[in-house]
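The block underneath contains the structure these notes are about, expressed in structure tokens.
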Amino acid sequence: PSVPRHTNRLINEKSSYLLQHAHNPVDWYPWGQEAFDKAKQENKLIFLSVGYSTCHWCHVMEEESFKNKEIGEIMNKNFVCIKVDREERPDVDKVYMTFVQATSGGGGWPMSVWLTPDLKPFVGGTYFPPEDGVHRVGFRTVLLRIAEQWKENKDGLLENSQKILEALLHRSEIRVRGQESPPPSKEVMATCFQQLSSSYDEDYGGFSESPKFPTPVNLNFLFTYWALHRTSPEGARALQMALHTLKMMAHGGIHDHIGQGFHRYSTDQHWHVPHFEKMLYDQGQLAATYSRAFQISGDEFFADVARDVLLYVLRDLSDQAGGFYSAEDADSYPTTASGKKREGAFCVWTAEEIRALLPDPVEGATEGTTLGDVFMRHYGVKETGNVSPMKDPHQELKGKNVLIVRCSPELTAAQFGLELGRLGALLREGRRRLATDTFAGSSCPPAPLQPCPRVCAYAGLMISGFAQAGAALAEQEYVSRAAQAAAFLRRHLFDPASGRLLRSCYRGKDNAVEQSAVPIQGFLEDYVFVIQALFDLYEASLEQSWLEWALQLQHMQDKLFWDPKGFAYFSSEAGDPSLLLRLKDDQDGAEPTANSVAVTNLLRAACYSGHMEWVEKAGQILAAYSERLQKIPITLPEMARATAVFHHTLKQVVICGDPQGEDTKEMLRCVRSVFSPNKVAVPA
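Residues in the sequence shown are numbered from 738 upward in steps of one, following the working numbering.
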């Protein structure tokens, strides 16, 4: 590699996302006092860019704009430029994403926001192309217009930014009004079910047309709704919606049929062409959700998908020390000789490649049939590629195929005159050979980057995935991996002196685990997801120490984040002068919002400990969100689910006996095999 022509302050950071931008011609600063002081001293606006290391459109904007010398000069001359990794600083991301969503009606990454020197936002968006196009104004033009406005109308901009901040404060406030009590569970559950039912895609599953995200929170709500209404038509529909969605996702291109695991979301209605990054938080939640689907249905298909997800995480997102990487990149090099990365290069196939790998004639099939013919038919492979140009704006997937199950096994078997069992064996062999070529073949493309941050909250979700799957599928290996990861958190992301969690740690030299010079303290979501994980691990392993640590963390969470006046938990601690707003999340998204999970955590904690003030706190959170839960519970399906747990009360299943005794183990297997959303299992 040639010596970089530019180096900025990001070279001193630990975050892989910030380091990716360390050689841009932009004079980037990390979020901090040095940048804030410079903006005030020079009376300059701040340009804030927020993203994460595996984000495809973040890579695109860097290639097009941040590596462009002329655009870099405009940025350096007119703005103090700050880069933020949203995985390190979700608090900063949430404040400005709230602004972008409120003013533009949408959001996403990369997030681009212009701030006054005192950090108040006044203009924002997401990805900008470098130059003006037919439908979009270019980044260069936006930069020059905003710089001109600051010169010509500074007072107007400052006044406007103050009004925006006041409106945001009012809009984002979640608090108890008067003597509100928790909303009635029956009505909240019914409304949430109706809203999900009306947005459900009858053909392909899921709850929107496109883009389509996995959203496990919706599916978990439907499972709980079914459990409480098993004999009603609505209960049957809830179960059908959830299971059909999970099947269509598993058949779709969002599921990596060769490399395992799930991509972040589908760009189309059919779950076909994904954005190819794979997020740890998705794998953790989906492993748990597919395990629940198996518990409910008894269909091994769902158990196999859960195992597939966990195999991917064990192989590709696990480090030697026991932690988990937060994601795998969407972009990688198509070949070892390539100079430029492409999205999805590691996950797509040409018809020619598949024919070359699967040339064997298939005995007993119609004459002339090869393994390649059977495989290509079943997975929708076309000679010219199966990706619509509309879903490939940069023509990176031209002539390529994203594997998707297009027809039933019965149809494929009938077409080639095969028995079903024989077809299953042929497809397994086809997948095995493609996987061998992908991971060990002489022509295999370089694997995508697994960026180095280990994020506490995401690890919590993954520990839950391993623990819940281990219990539901009776796989001790998964429970052991969950325990190994929890031990990693206790060793590297917990400060025993203060009793507090840390947000993230990094891979240093020789794979050593390192912290940044000033460690970032854990946020509410870190506590909530880790406490949930430790409860799940306790129930799967019966190890008392995990329960004790969880209860200790729950006390710390109450101390750091609880709002005694308006109730519920703030997302971040008090005392950071650079944060304009102290927010409470109000929407379940790719991950459930922290307050949603906190309700169930508090109820479980009270059940395990007898500490009944936690039940009162759970009710106070529901009261704070009461208006939203009664009007639009579809935005908070995990909290809507928690209202049912709160009103029905958790049932304690106490298992008495020697934990190593076969009769005790058999009793535990029985308890774990049944899906029951409002129970806790306690060994005595």
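Cβ atoms here follow ideal geometry from the backbone N, Cα and C, with glycine treated the same way.
CB contact flag (residue i, residue j, <8 Å)
{"i": "V1085", "j": "K1128", "result": "no"}
{"i": "M1447", "j": "N1332", "result": "This structure does not reach residue 1447, given that the chain is present from 738 up to 1421, and the question cannot be answered."}
{"i": "K751", "j": "E1251", "result": "yes"}
{"i": "T835", "j": "L1320", "result": "yes"}
{"i": "A1305", "j": "I1369", "result": "no"}
{"i": "T1026", "j": "N957", "result": "yes"}
{"i": "F1383", "j": "V1334", "result": "no"}
{"i": "Y833", "j": "L785", "result": "yes"}
{"i": "L1279", "j": "R1341", "result": "no"}
{"i": "T1107", "j": "F1153", "result": "no"}
{"i": "F1225", "j": "A1058", "result": "yes"}
{"i": "I911", "j": "Y1362", "result": "yes"}
{"i": "A1211", "j": "S1028", "result": "no"}
{"i": "W1286", "j": "L1297", "result": "no"}
{"i": "H758", "j": "K820", "result": "yes"}
{"i": "V1192", "j": "A1277", "result": "no"}
{"i": "A1024", "j": "F1031", "result": "no"}
{"i": "S1308", "j": "D828", "result": "yes"}
{"i": "S936", "j": "S945", "result": "yes"}
{"i": "P762", "j": "H743", "result": "yes"}
As assigned by DSSP and simplified to three states, the class of residue i
{"i": "Y1195", "result": "helix"}
{"i": "A1211", "result": "coil"}
{"i": "Q1357", "result": "helix"}
{"i": "G1167", "result": "helix"}
{"i": "L894", "result": "helix"}
{"i": "R1341", "result": "helix"}
{"i": "E1310", "result": "coil"}
{"i": "Q1389", "result": "strand"}
{"i": "A1421", "result": "coil"}
{"i": "N749", "result": "helix"}
{"i": "F1013", "result": "coil"}
{"i": "L785", "result": "strand"}
{"i": "W887", "result": "helix"}
{"i": "F1038", "result": "helix"}
{"i": "M848", "result": "strand"}
Among the options, the one whose alpha carbon lies nearest that of residue i
{"i": "A1050", "options": "Y941, K900 and F1203", "result": "Residue identity check: residue 1050 is Val in the sequence provided, not Ala. Nearest of Y941, K900 and F1203 to V1050, Cα basis: F1203."}
{"i": "Q1258", "options": "G769, S1241 and L906", "result": "S1241"}
{"i": "I991", "options": "Y962, V874, V1042 and G972", "result": "V1042"}
{"i": "R1218", "options": "M1199, R1228 and P1233", "result": "M1199"}
{"i": "E1310", "options": "E1350, S1253, R1170 and R1237", "result": "R1237"}
{"i": "L1047", "options": "F999, K1354 and A1067", "result": "F999"}
{"i": "L1316", "options": "K900, L852 and S1282", "result": "L852"}
Boundaries of the beta strand (DSSP E) in which residue i is found, first to last residue
{"i": "Y1243", "result": "S1241 to R1244"}
{"i": "K820", "result": "F816 to D822"}
{"i": "S1282", "result": "Unbroken run through S1282 is the alpha helix (DSSP H), Q1281 to F1298; no beta strand (DSSP E)."}
{"i": "I1268", "result": "Run containing I1268: none in the beta strand (DSSP E); it sits in the alpha helix (DSSP H), L1261 to S1278."}
{"i": "Y833", "result": "Segment P827 to S841 is the alpha helix (DSSP H) holding Y833; no beta strand (DSSP E) there."}
{"i": "G1422", "result": "With the chain represented from 738 up to 1421, any question about residue 1422 goes unanswered, as that position is not in the structure."}
C-alpha gap between residue i and residue j, whole angstroms
{"i": "S1410", "j": "V925", "result": "28 Å"}
{"i": "P1146", "j": "T1175", "result": "25 Å"}
{"i": "K923", "j": "V913", "result": "21 Å"}
{"i": "M986", "j": "M798", "result": "29 Å"}
{"i": "A839", "j": "V860", "result": "11 Å"}
{"i": "G1326", "j": "T1372", "result": "8 Å"}
{"i": "S918", "j": "G1356", "result": "7 Å"}
{"i": "R1114", "j": "H872", "result": "39 Å"}
{"i": "K814", "j": "F1260", "result": "35 Å"}
{"i": "V1010", "j": "P1126", "result": "11 Å"}
{"i": "G1021", "j": "M978", "result": "21 Å"}
{"i": "S1063", "j": "W963", "result": "32 Å"}
{"i": "Y1165", "j": "L1171", "result": "The sequence shown places Arg at residue 1165, rather than the Tyr named in the question. Computed Cα separation, rounded: 10 Å."}
Endpoints, alpha helix (DSSP H) assigned at residue i
{"i": "F1112", "result": "L1108 to H1115"}
{"i": "Y754", "result": "S753 to Q757"}
{"i": "S1410", "result": "E1399 to S1410"}
{"i": "P1146", "result": "P1146 to F1153"}
{"i": "L983", "result": "P970 to H988"}
{"i": "Y962", "result": "P953 to L965"}
{"i": "S1055", "result": "First-last for S1055: undefined, no H or E at that position."}
{"i": "V925", "result": "S922 to S936"}
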